[in-house]
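The structure under discussion appears below in the form of structure tokens.
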Amino acid sequence: MDKDMNNYNLKKCIESIEMGYWYDTLTLLDCVLTDDPVEPEYSANTVYSRLEEIVAFQNLYFKLKVSSVADLMQKNGYSNEDVELLMQRRIDEDKRHNQ
């Protein structure tokens, strides 16, 4: 098979996988932001780690300049309050697991 075709197919495959991961992560993020704060069902730390991975991937693969998870969220329509809520949910999760 032609090397350029291989690279094109690989690029399309990687981008497809990234889009699925991105969609799943946004779904999880929305679940975390609307979850019960007292007895949450979803992990804020898991979604945050996934968002960090997306930031790194977008910066490396697409050569974007996304500085942080907060930057990524804001560039995708989330408010400062959403960012703060995610951070608070992470703190609360850490407290629950360290009791």
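In our numbering, the protein residues as written are 33 to 131. Idealized CB from N, CA, C, for every residue including glycine.
Looking at the structure shown, is valine 70 part of a helix, part of a strand, or coil, going by DSSP? In the structure shown, valine 70 falls within a coil segment according to DSSP collapsed to helix, strand and coil.
Counting beta carbon pairs with one atom in the segment 76-93 and one in the segment 107-122, are three or more of them shorter than 8 Å? In this structure the segment 107-122 touches the segment 76-93; the number of beta carbon pairs closer than 8 Å is three or more.
Shortest alpha-carbon distance to aspartate 62 belongs to which of Met51, Ile46, Ser75? Cα-wise, what sits closest to aspartate 62 is Ser75.
Looking at the unbroken alpha helix (DSSP H) that takes in tyrosine 110, where does it start and where does it end? Membership of tyrosine 110 in any alpha helix (DSSP H) is not indicated, and neither H nor E is assigned to it by DSSP.
Secondary structure of serine 75, DSSP reduced to three states: Serine 75 carries a coil assignment under DSSP once its states are collapsed to helix, strand and coil.
What is the DSSP secondary structure of asparagine 130, reduced to helix, strand or coil? The answer is coil: DSSP assigns asparagine 130 none of H, G, I, E or B.
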